[in-house]
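Here the sequence shown stands for residues 29 to 402, where the numbers follow my numbering. For reference, the structure is listed below as structure tokens.
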Amino acid sequence: MNQEIFYAMALTRLTNFNFQMALELYKAAGSAQALYEHRNDVGDLIDDCSPRLLTALKDWGDAMKRTEAEVKYMEEHQIRAFSLFDDDYPQRMLDCVDAPLVLYAQGNADLNQQRIISIVGTRHITSYGEDLTRKFISELHEMCPHVLIVSGLAYGVDICAHRHALANGYPTLGVLAHGLDQIYPYHHRDTAAEMIQHGGLMTEFMTQTNADKVNFVRRNRIVAGCADATIVIESAAKGGSLITAEIAQSYSRPVFAFPGNVGRPYSEGCNQLIRNNGAALITCAADFVEAMGWEDDMLRRRVLHAGIERQLFPELTDEEQRIVDLLQLSNDLQASVISVNVNLTISQVTSVLFQLELKGVVKAMAGGMYHLLM
29 MNQEIFYAMA LTRLTNFNFQ MALELYKAAG SAQALYEHRN DVGDLIDDCS PRLLTALKDW
89 GDAMKRTEAE VKYMEEHQIR AFSLFDDDYP QRMLDCVDAP LVLYAQGNAD LNQQRIISIV
149 GTRHITSYGE DLTRKFISEL HEMCPHVLIV SGLAYGVDIC AHRHALANGY PTLGVLAHGL
209 DQIYPYHHRD TAAEMIQHGG LMTEFMTQTN ADKVNFVRRN RIVAGCADAT IVIESAAKGG
269 SLITAEIAQS YSRPVFAFPG NVGRPYSEGC NQLIRNNGAA LITCAADFVE AMGWEDDMLR
329 RRVLHAGIER QLFPELTDEE QRIVDLLQLS NDLQASVISV NVNLTISQVT SVLFQLELKG
389 VVKAMAGGMY HLLM
């Protein structure tokens with residue numbers, strides 16, 4: 029760990045986890061290490077520091093000891109830390125005025141992947157919301173296979189999004205409202221362990237931080253800020269997902285919502301967002317991809333697929349195509365059987381099969397059988 033990250037961690041502790049104050053001090057001084065080195069004359073670096081703050085910034089002893097203990101825990105549990113201007117820091121967060129000074133992460137998620145979306149919603153997800161989440165993620169994976177799915181590991185929509193992301197081969201990141209020494213809710217520990225292998229967990233809080241209510245509100249800004257867009261699946265008229273959507277709007281990030289039945293309690297929030305132009309209406313993944321301008325992902329996937337097909341079946345003649353079509357219906361046939369079904373002589377079939385072998389399309393097997401390699 030470099031010294032700058034160490035001092036940045038100590039600074040958050042020194043300011044009693046007043047993250048906004050820590051960020052302002054950091055930016056004003058240019059680095060956390062500069063604050064430490066000028067701890068006895070911080071007033072020369074930063075104007076308008078209160079006497080109380082100047083006094084607090086002189087004594088880094090306890091903060092340094094706490095940081096040393098945190099670093100030891102991190103080393104034992106493969107936890108990484110990023111300060112504001114590290115290359116691995118989520119670059120999308122740099123556009124947010126209240127970006128965390130330090131972030132802690134476990135896992136292998138690329139926090140700067142080309143496509144990142146946040147999926148949020150009620151903790152009281154209905155079967156309608158579950159179906160929407162499952163279908164959306166499955167359809168999105170078909171169109172855009174390289175996306176990081178972010179949510180908050182909470183009950184309801186959050187955990188549903190994480191689990192369906194994993195089921196579809198997407199990496200998924202859980203943003204926590206506490207330190208990485210615990211999992212809340214505890215029932216999600218198995219999913220969290222799987223996420224560390226296929227994505228990860230991230231937080232701005234040191235270990236031994238409780239999952240207090242205020243921390244969840246702070247957590248929401250990271251969920252919104254590290255993504256290209258936020259999608260609300262289901263929400264009551266009030267709730268954390270609406271706060272996340274509002275924060276995303278304040279960051280000038282697009283927000284999308286699925287409509288729900290009028291009068292249903294967990295559709296009110298989404299319908300309200302759409303009615304008040306707080307979110308764009310979507311009904312499927314194709315709506316979202318079009319709105320985001322991600323059609324190029326779909327085009328690349330189609331071109332790649334077409335290219336693979338061309339490589340597998342390069343410039344087939346009419347006779348070759350007839351044999352391939354037959355083997356696709358019923359693979360592993362003898363030449364005599366192929367001859368009868370494609371209306372070619374044995375000598376013709378043998379010659380065509382030889383050409384297909386050279387092209388890597390079929391393979392001769394024991395017993396005079398021919399197997400289609402597709």
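Here a beta-carbon is modelled for each residue, glycine too, at the ideal position from N, C-alpha and C. Since the model is a prediction, treat every value here as computed from it, not as a measurement.
Same chain, Cβ closer than 6 Å to residue i, neighbours up to 5 away in sequence not counted
i	result
R217	I211
A285	V260, C298, L301, I302 and A307
L168	A313
T237	H206 and G207
Q141	L176
A239	A205, H206 and Y212
A56	I74
Strand pairing of residue i, partner residues [DSSP]
i	result
G149	According to DSSP, G149 bridges with nothing at all.
T95	T95 pairs with nothing; no bridge assigned.
A257	I145
L309	A285
K391	H399
V377	Beta-bridge pairing links V377 to no other residue.
A133	R108 and M230
I177	I145 and T200
Q383	According to DSSP, which records beta bridges pairwise, Q383 is partnered with nothing at all.
Q362	M397
Buried versus exposed call for residue i [16 or more other C-beta atoms within 10 Å across all chains shown]
i	result
G58	exposed
V290	exposed
S146	buried
M223	buried
S78	exposed
L42	buried
A265	exposed
A97	exposed
R249	buried
E348	buried
S166	exposed
F164	buried
I374	exposed
T200	buried
D123	exposed
G227	buried
I336	Only weak support exists for where I336 lies, its pLDDT of 46 falling under 50; the value from the coordinates is given anyway. Under this definition I336 is an exposed residue.
D76	exposed
G10	With the chain represented from 29 up to 402, any question about residue 10 goes unanswered, as that position is not in the structure.
F316	buried
T95	buried
Span of the beta strand (DSSP E) around residue i
i	result
Y54	Counting along the chain, Y54 falls outside any beta strand (DSSP E), though it belongs to the alpha helix (DSSP H) covering F47 to A57.
F110	R108 to S111
L122	L122 -> no beta strand (DSSP E), and no H or E assigned at all.
Cβ shell of residue i (< 7 Å), same chain only, five flanking positions each side left out
i	result
G306	A273, Q277 and V283
S263	G149, T150, S269, L270, Y294, G297 and C298
Y183	R151 and P213
R292	none
M397	D360, L361 and Q362
L82	V70 and G71
T40	F47, A50, L129 and V130
K137	Looking at the sequence itself, residue 137 is Ala, so the reference to Lys does not match. If we look at A137 and ignore the five residues flanking it on each side, its Cβ neighbours are L176, P199, L201, G227 and G228.
T378	A363
Bounding residues of the alpha helix (DSSP H) (the contiguous stretch that carries residue i)
i	result
H399	Run containing H399: none in the alpha helix (DSSP H); it sits in the beta strand (DSSP E), M397 to L400.
V185	V185 to A195
I271	G268 to S278
V290	Taken as a continuous stretch (DSSP letters only), V290 belongs to no alpha helix (DSSP H), as it is neither H nor E.
D72	Taken as a continuous stretch (DSSP letters only), D72 belongs to no alpha helix (DSSP H), as it is neither H nor E.
L81	P79 to A84
L354	D346 to L357
C172	No alpha helix (DSSP H) contains C172, which DSSP labels as neither H nor E.
G297	E296 to R303
Cβ shell of residue i (< 8 Å), same chain only, five flanking positions each side left out
i	result
T311	F286 and P287
H409	An answer regarding residue 409 cannot be provided, because it is not within the stretch 29 to 402 covered by the chain.
A84	L42 and T43
R162	C188 and H192
R338	Low per-residue confidence applies at R338: pLDDT is 47, beneath 50, and the placement is therefore not dependable, though the value from the model is reported in the following sentence. Answer for R338: no residue qualifies.
M393	D360 and H399
Below-8 Å beta-carbon distance, residue i vs any chain C residue
i	result
W322	As a matter of chain content, chain C is missing from the structure shown, which is built from one protein chain.
Near the ligand COA: residue i beta-carbon under 7 Å from a heavy atom
i	result
K391	No copy of the ligand COA occurs in the structure displayed, which carries no ligand at all.
Are three or more beta carbon pairs between the stretch 237-248 and the stretch 219-229 nearer than 8 Å?
-> No, the stretch 237-248 is not in contact with the stretch 219-229.
Does the stretch 191-210 come close enough to the stretch 343-360 to have 3 or more Cβ pairs within less than 8 Å?
-> Short answer: they don't touch.
Three or more beta-carbon pairs under 8 Å between the stretch 231-240 and the stretch 257-272, yes or no?
-> Judged by Cβ distances under 8 Å, the stretch 231-240 makes no contact with the stretch 257-272, as fewer than three pairs qualify.
Cβ contact (3+ pairs, closer than 8 Å) linking the stretch 34-44 and the stretch 118-132 = Yes, they touch.
Three CB pairs or more closer than 8 Å across the stretch 109-127 and the stretch 156-163 | No, the stretch 109-127 is not in contact with the stretch 156-163.
Cβ contact (3+ pairs, closer than 8 Å) linking the stretch 84-97 and the stretch 105-112 = Using a Cβ-Cβ distance cut-off of 8 Å, the stretch 84-97 and the stretch 105-112 are not in contact, since fewer than three pairs of beta carbons, one from each stretch, lie closer than that value.
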